[in-house]
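Scroll down for the structure; my scribbles are underneath it.
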Amino acid sequence: MQAGIPTHDQRIAALFDGMPGARSMVLAALAGQGRVLVDSPVRPRCAVAAAGDFLYCGGVPGVEAKHMLRQAMGTHEDWLIYARGEWLDVLKSIAPVEMETRIAYDYHAQPEDEHLRRFLQGLPEGASFQPIEGDWIERCHGEKWSRDFVSLFTREDYEARGLGVLLMVDGQAVAGASSYVSYPGGIEIQLQTRDDQQGRGYATLAAARLILMAHERGLIATWDAANPVSAHIAAKLGYREAGPYQVAAIAKEKKMEYRSITRAEAPELAQAMMAAYSEAPWNESWSEERARLRVEAILSGWQAMGVAAVCEGCIIGGALGFVDPYADEDFFFVSELFVRPEWKHKGVGRELLRRLEEELKRRGVHVTQLISIRDNQPFYNKCGMERDSVDVMFRRF
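Heads up, the sequence shown is in the numbering used here, so the first residue is 28 and it goes up one at a time.
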């Protein structure tokens, strides 16, 4: 058993063995900087540990798993959740998720002190280090860029077990490194640089100083990289990579906008149409030129119009066609209705048709027509469309 960690906590921590990046955060949660839920206080078989913005699902999920996970998540929406296998299935039954990749580092391998000291010889002239202590704890909390250095601690708690340092240039704090959490025998490092001081290597210098401070106190300093920049800094400092791993983030609902199409958007509409038709049931291979030509040809028709589905500035689907005059009334012929593959089965196609019909009513047109392959006829039936008595005839010659 690891010194300083109660036997019962060791049993719970063992449920998270093998999870990249989990050990330090789980130990911090067990030590009071977070919380751990277990299915049984005596013989736990599964557990959920929460610390900071991280949540870890360990052991084999049982009947209590969904309730435990919901309770741990609460109303917080910005969790990064390590859930694999059956736990990932439980999570997906609670909320939509998106997977993100992080990089873990060997918990037992620390950068060499001599390497860090040599690294600090490159400290810029006039720069110095200021430990985060006393009133500096409040100062960090009062600045947006440095708030997370101390946000998981009270002042008294940070003074007791937190550890951090600021890099000062011309009397101003420009970057820093601090204990995101503390746990028995170590700290988990976080870095931050003031927005107007990015790209100067200041955070790397602060990290080197913090690691040395931790080692002087008999602590290890663990690292977990969220992006390539963090991974690059870890390599410079001398951490040993353990490999990439994936965490789940709660998928934020993306705001969809539906608006009228303009002819200037033909190239982007063509890209969305190409993507839609590249998959089953069509499996068609369109060139950009042919796709753009088709969209432009439709939009050049008599009283041509259409509706686009737009998410975060990108067209992800469209319904477009033209007015087809007939004996006693005008019909609107829907030449194309398409949705990018990743957005299918989310109601986008049905909403495109609904928005199109609303606009047509305002223009005095009350009938839509289209040609559908058999695979898609159930979809159009759900949209309230009926099969006409007319068959499509063709001859290749």
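For glycine and all other residues, C-beta sits at the position ideal for the given N, C-alpha and C.
Predicted, not measured: the structure shown is a model, and the values here were computed from it.
Considering only their Cβ atoms, is the gap separating residue j from residue i smaller than 7 Å?
i: VAL99; j: VAL65; result: This sequence places Ala at residue 99; Val is not what is there. Cβ atoms of ALA99 and VAL65: not closer than 7 Å.
i: PRO294; j: ARG321; result: no
i: LEU193; j: ALA187; result: no
i: ALA426; j: ILE130; result: As displayed, the chain neither begins before 28 nor continues past 424, which places residue 426 out of reach and without an answer.
i: ALA336; j: VAL274; result: no
i: SER209; j: GLN217; result: no
i: LEU347; j: GLU363; result: yes
i: GLY203; j: ALA233; result: yes
i: ALA303; j: ARG381; result: no
i: LEU383; j: VAL334; result: yes
i: LEU397; j: VAL361; result: yes
i: TYR272; j: TYR132; result: no
i: GLY61; j: ALA49; result: no
i: GLY379; j: GLY340; result: The residue you asked about is not Gly; residue 379 is Leu in the sequence shown. Not in contact: LEU379 and GLY340 (Cβ atoms no closer than 7 Å).
i: PHE156; j: CYS167; result: no
i: MET300; j: PHE365; result: yes
i: TRP250; j: GLN219; result: no
Looking at the unbroken beta strand (DSSP E) that takes in residue i, where does it start and where does it end?
i: ALA258; result: Run containing ALA258: none in the beta strand (DSSP E); it sits in the alpha helix (DSSP H), 255-264.
i: GLN157; result: 154-158
i: ARG129; result: 124-132
i: GLU339; result: Segment: none, GLU339 is in no beta strand (DSSP E) and carries neither H nor E.
i: VAL366; result: 357-366
First and last residue of the alpha helix (DSSP H) that includes residue i?
i: CYS167; result: 162-169
i: GLY376; result: 375-389
i: ARG286; result: First-last for ARG286: 283-287, but that is the beta strand (DSSP E), not the alpha helix (DSSP H).
i: ILE400; result: Looking at the DSSP string, ILE400 is not in any alpha helix (DSSP H), and its letter there is neither H nor E.
i: VAL430; result: This structure cannot speak to residue 430, because the chain is shown only from 28 to 424.
i: ALA354; result: Note, ALA354: premise wrong, no alpha helix (DSSP H); not H, not E.
i: HIS142; result: 140-147
i: MET300; result: 293-304
i: ALA318; result: 315-326
i: ASP175; result: Segment: none, ASP175 is in no alpha helix (DSSP H) and carries neither H nor E.
i: ALA136; result: Here ALA136 belongs to no alpha helix (DSSP H), and DSSP marks it neither H nor E.
i: ASP184; result: 182-188
What distance in whole Å lies between the Cβ atoms of residue j and residue i, which are believed to be in contact at a cut-off of 8 Å?
i: SER314; j: GLY213; result: At roughly 57 Å, the Cβ-Cβ gap does not stay under 8 Å, so SER314 and GLY213 are not in contact.
i: ILE288; j: LEU264; result: Contact doesn't hold; Cβ gap of about 52 Å is too wide.
i: GLY85; j: LEU42; result: 4 Å
i: PRO47; j: GLY270; result: 7 Å
i: GLU292; j: ILE342; result: 7 Å
i: GLY153; j: ASP197; result: 6 Å
i: GLU113; j: PRO151; result: With a Cβ gap of about 51 Å, GLU113 and PRO151 do not count as contacting.
Is there a Cβ of chain D sitting closer than 7 Å to that of residue i, yes or no?
i: ARG144; result: No chain D appears in this structure, which consists of one protein chain only.
Can you tell me whether residue i sits near the ligand HEM, meaning its C-beta is under 6 Å from at least one heavy atom of the ligand?
i: GLU315; result: This structure does not include the ligand HEM; it has no bound ligands of any sort.
Query raised in the report: Quick one: complete beta strand (DSSP E) runs, 3+ long, within the region 192-274?
Result: 199-210, 213-220, 247-249
Report task. May I have a chain-ordered list of the alpha helix (DSSP H) segments no shorter than 4 residues that lie completely inside the region 42-106? Result -> 50-57, 92-100
Query raised in the report: Are the region 263-281 and the region 117-134 touching by the rule of at least three beta carbon pairs closer than 8 Å?
Result: yes
Query - Contact between the region 161-173 and the region 281-296 (3+ Cβ pairs under 8 Å) - result: no
Query raised in the report: Are there three or more Cβ pairs, one per stretch, closer than 8 Å when the region 75-89 is compared with the region 44-58?
Result: yes
Query raised in the report: Any contact of the region 235-251 with the region 108-119, i.e. 3+ C-beta pairs under 8 Å?
Result: no
Query raised in the report: Counting Cβ pairs, one atom from each stretch, are 3 or more of them under 8 Å apart for the region 135-147 and the region 172-183?
Result: no
Requested in this report: Answer yes if the region 343-357 comes into contact with the region 390-407, meaning at least three C-beta pairs across the two stretches below 8 Å, and no otherwise.
Outcome: yes
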